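Presented below is the structure to which this report refers.
Number of protein chains: 2
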Amino acid sequence: MTERKLHLNAFLMNTGHHEASWRLPESDPYAHVDLQHHVRLARIAERGTFDSLFLADGPQLWSNLAQRPAGALEPLTLLTALATATEHIGLIATASTSYNSPYNLARKFASLDIISGGRAGWNIVTTAGAEAARNFGLDAEPAHAERYARAAEFLDVARKLWDSWEDDAIVADKAAGVWGDDSKIHPPRHRGRYFGVEGALNVPRTPQGYPLLVQAGSSEDGKAFAARYAEAVFTAQQTLADAQAFYADLKSRTRRAGRDPGHLKVLPGIVPVLGSTEAEARAAEQLLAEHIVYDHGVLRLERLLQLPSHTLELDAPLPDGLPPESAVEGAKSRYTLVVELARRERLTVRQLITRLGGGRGHLTFAGTPEQVADQIETWFTQGAADGFNIMPPVLPSGLDAFVEHVVPLLRARGLFRDAYGPRRTLRERYGLPRPANQYLTPAPALA
Amino acid sequence: MTERKLHLNAFLMNTGHHEASWRLPESDPYAHVDLQHHVRLARIAERGTFDSLFLADGPQLWSNLAQRPAGALEPLTLLTALATATEHIGLIATASTSYNSPYNLARKFASLDIISGGRAGWNIVTTAGAEAARNFGLDAEPAHAERYARAAEFLDVARKLWDSWEDDAIVADKAAGVWGDDSKIHPPRHRGRYFGVEGALNVPRTPQGYPLLVQAGSSEDGKAFAARYAEAVFTAQQTLADAQAFYADLKSRTRRAGRDPGHLKVLPGIVPVLGSTEAEARAAEQLLAEHIVYDHGVLRLERLLQLPSHTLELDAPLPDGLPPESAVEGAKSRYTLVVELARRERLTVRQLITRLGGGRGHLTFAGTPEQVADQIETWFTQGAADGFNIMPPVLPSGLDAFVEHVVPLLRARGLFRDAYGPRRTLRERYGLPRPANQYLTPAPALA
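Protein chains in written order, with UniProt numbering: chain E, 1 to 447; chain C, 1 to 447.
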């Protein structure tokens, strides 16, 4: 077990994961559309030898604009630009299986994998919400189960496309005038419930074969999907016990799906609020809370809980009689997490908004670098995590502080790499094998 | 008229536009998936103060692999990487209106426009061919007129999305906790024949407002579309007279569509085969022709002409009785150009393949730098072109030779810019105005 190392992913988000971060004097309210802001973040994460960067996404404009920074550069586009500004770090882009075509999306990820030298990852989302659906000709969002059925077929088709060129399909025989070997091309000829894809991809097989497959839904459908396809899972867990239960459940499901559970890495989100003393960390947390606009928080919470406007009162607890997760069509697991958090800690709506404002349901932990490193070590060594999705409350300063003060402690404890070393691809970084090509027949025995 | 300047676009294509270029000793058969090859090309073009780079594309693998390099990095992805390696040059990506969603594609172009500082361009194609259709769940390609009707609606929706944020929608009032002004967001609420798009784009309005709109179809539908939407048109013309007629026709259509004909730039393609003497240029052309594999050429020509296999004979002319353009559903204008070229010059199939191998119907011109500059000046000053789409037969050497030997002559004659100067966006480079926002009401008079 001494060989087991932490994996760290930097979850980039405009001026930070705290919803009020943009209001701090240090923050640039235009950071979300500034390439140089993102280059700076990527280079800080690479200095900290993080495994990867990650960008969330949804194909809709979150209302409303008054509240906080909205809109973002499209993740695959932004990460392609960051690929040229970095050398080692993985690049994980969110993209929706509900609102893309397999041929187009498979091609874009293959292109990024080639351009980055094997550093592409795909955070596979099915995209909750009617707003997104209405941007793609639908009146309402497809049902949760329907979205996951489409996602599974999407993945099957995408993997056929990524395997449609054998690694050695290019012959490049100039003298004979033969560039490629058509017998090493395998058109998917796929006709399914959601997709028809006849031909091979128009990009050769990539350094990784295909991008690292990442997933973040923690509903029943989400966990079943992860067990079948995902190589890394982002998750929001509030307590060690919950995180251990989730970890054990997902590893067990992965084993039952016929896969090596070591080939699925579980990465809970953590929002580290750092101070050189505990009091300083608490003060930093308090400063952020003072910048929250609670009227906006109420609107967002009502939306998440699918309640009519003006239902919630700021200084009262959540009302009784909220529907069960099974009745919710949107982001199911996030819904349950928020309701359980409020109930368990007997929070008023104001207190709940304060907690959510820091990390939208992810674990916020304010403390010294030693305390944050302790927390990470505990979860890592006690069966709750293979690593963490680091979500700094303020960017770039929160990422810089983590790299300067927490990463050295993790290294000193032997938990985290000191340098990138010889492994080159994102999948190698996460200790995962390169996928075999599904069309490859065993080589014939030598005569 | 002394102020009128040429516009030059570098059309990048693997190892070059000549189909046999990959077989030359200098060529890298893996160049199509090598970022550094493309960075090198982009920097040569920028040294030559070209207006823009351009990448063609189609969402299918061209059969068959034996013949020549196939597959390519997806253009928007590759051009995003090139944006970070260049400072001035425009970046024109081909993308299909038949096989994309307006919301996704509008967002990607907006992201590239922001990342590149206003250098994005979109070559709008409707994508001919059943192969592409079958990669997107269709059995056959949509009819030509249907594809163009969808393209027109696509453009209307995309422009609504690009205008959905006013330029000053971001307020960034940290003290008041107000980030944006929701009254300056304009959701398209579009419900049309092909698309339903309800919400605003999730990217702010970009430096150019939207990408430079480029078009390359020269069929009746294509020309009507160009007159309505295009700001630059790539075209294949074999003779000065044909080019003049096309130029006059397109400018007249643009005027009739209510637009300033100066706001549509016509750029014929030219394949310059350069030598320091005319004999050297002819020898270079001959060397390329000797590398053509004619069996492959016959297959491709049969496919373009929609003939059964083994119809054509290498040393005979094209057969009589080919169908008229109106009966063709694929690339209509290319079909006519090829048939007319063969008839006009009484070419055998072998001779036709030799001619097409150099530039797929674009004008191949072998000569000294002076002769090429003369040809360019003639077309530019005699009403046939506003500039050229430069298609080097071999890359990078052919682009390098053009920049080293032809560009200085064009500058010395006062036809082309000496340096990029203060204009920053691609649209400014082409001398075009930034589009007004369609949702913007005139400012109220001062009280």
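Quick reminder that beta carbons are idealized off the backbone N, C-alpha and C, glycines included.
Here the structure is a predicted model, which is why all the values come from computation and not from measurement.
Asked	Found
Neighbouring residues, chain E, relative to residue 181 of chain C (Cβ below 8 Å)	65 and 66
Beta-carbon gap between residue 160 of chain E and residue 74 of chain C smaller than 8 Å	no
Element boundaries [alpha helix (DSSP H), containing residue 7 of chain E]	From DSSP, residue 7 of chain E is part of no alpha helix (DSSP H) but of the beta strand (DSSP E) over 7-12.
Limits of the alpha helix (DSSP H) - the one that residue 162 of chain C falls within	144-162
Extent of the continuous beta strand (DSSP E) to which residue 125 of chain C belongs	120-125
Chain-ordered residues of the stretch 72-87 of chain C with a beta carbon less than 8 Å from chain E	72, 73, 74, 76, 77, 78, 80, 81, 83, 84 and 85
Closer than 8 Å to chain C by CB, residue 101 of chain E	yes
Best match in E/170, E/227, E/128 and E/239 for proximity to residue 256 of chain E [C-alpha to C-alpha]	E/227
Where residue 2 of chain C sits in the DSSP three-state scheme	The predicted position of residue 2 of chain C is uncertain, since its pLDDT is 48 and thus under 50; no value can be drawn from it.
Minimum C-alpha distance to residue 150 of chain E - residue among E/176, E/271, E/102 and E/182	E/102
Sequence-distant residues of its chain with Cβ nearer than 7 Å to residue 243 of chain C (five each side left out)	237, 268, 379, 384 and 385
Limits of the unbroken alpha helix (DSSP H) element including residue 378 of chain E	369-381
C-beta neighbour in chain E for residue 202 of chain C, strict 8 Å	yes
The stretch 391-404 of chain C / the stretch 20-27 of chain C touching (three or more Cβ pairs under 8 Å)	yes
Presumed contact (8 Å Cβ cut-off) between residue 173 of chain C and residue 64 of chain E, rounded CB distance	That pair is no contact at about 15 Å.
Under 8 Å between C-beta atoms of residue 9 of chain C and residue 390 of chain C	yes
Residue 440 of chain E classed as buried or exposed, judged by whether at least 16 other C-beta atoms fall within 10 angstroms	exposed
Inter-residue CB distance, residue 135 of chain E and residue 199 of chain C (contact presumed, cutoff 8 Å)	5 Å
Chain C contact for residue 30 of chain E (CB, 8 Å cutoff)	yes
Exposure of residue 276 of chain C, with buried meaning 16 or more beta-carbon neighbours within 10 Å	exposed
For residue 66 of chain E and residue 178 of chain C, believed in contact at Cβ under 8 Å, the rounded distance	5 Å
Contacts around residue 413 of chain C, its chain only, beta-carbon distance under 8 Å, and the 5 residues preceding and following it disregarded	373 and 377
DSSP bridge partner residues for residue 16 of chain C (one or two, in chain order)	Paired residue(s): none; residue 16 of chain C is not in a bridge.
Which listed residue (E/315, E/296, E/241 and E/317) has its alpha carbon closest to that of residue 309 of chain E	E/296
Proximity of residue 330 of chain C and residue 7 of chain C at Cβ, strictly below 8 Å	no
Exposure label - residue 140 of chain E; buried when at least 16 CB within 10 Å	exposed
Spatially closest choice to residue 147 of chain E from E/225, E/84, E/71 and E/137, by CA coordinates	E/225
Within chain E, the residues that residue 140 of chain C reaches when beta carbons sit closer than 8 Å	Residues of chain E passing the Cβ test: none, with the nearest at roughly 11 Å.
Any C-beta of chain E under 8 Å from that of residue 111 of chain C	yes
Chain E contact residues for residue 332 of chain C, given Cβ-Cβ distances below 9 Å	Under the 9 Å cutoff, chain E gives no residues; its nearest Cβ is about 23 Å from residue 332 of chain C.
Contacts of residue 199 of chain C in chain E (Cβ-Cβ under 7 Å)	60, 61, 131, 134 and 135
Beta bridge counterpart(s) of residue 215 of chain C as assigned by DSSP	C/124 and C/233
Residues within the stretch 383-402 of chain C neighbouring chain E, beta-carbon criterion of under 7 Å	none
Min CB distance residue 107 of chain E to chain C below 8 Å	yes
Own chain, CB closer than 8 Å to residue 447 of chain E, minus 5 neighbours either side, in chain order	Because the pLDDT at residue 447 of chain E is just 47, under 50, the model does not fix this residue reliably, and the value given afterwards should be weighed accordingly. Hits under 8 Å: none found.
Minimum Cβ-Cβ distance from residue 150 of chain C to chain E less than 8 Å	no
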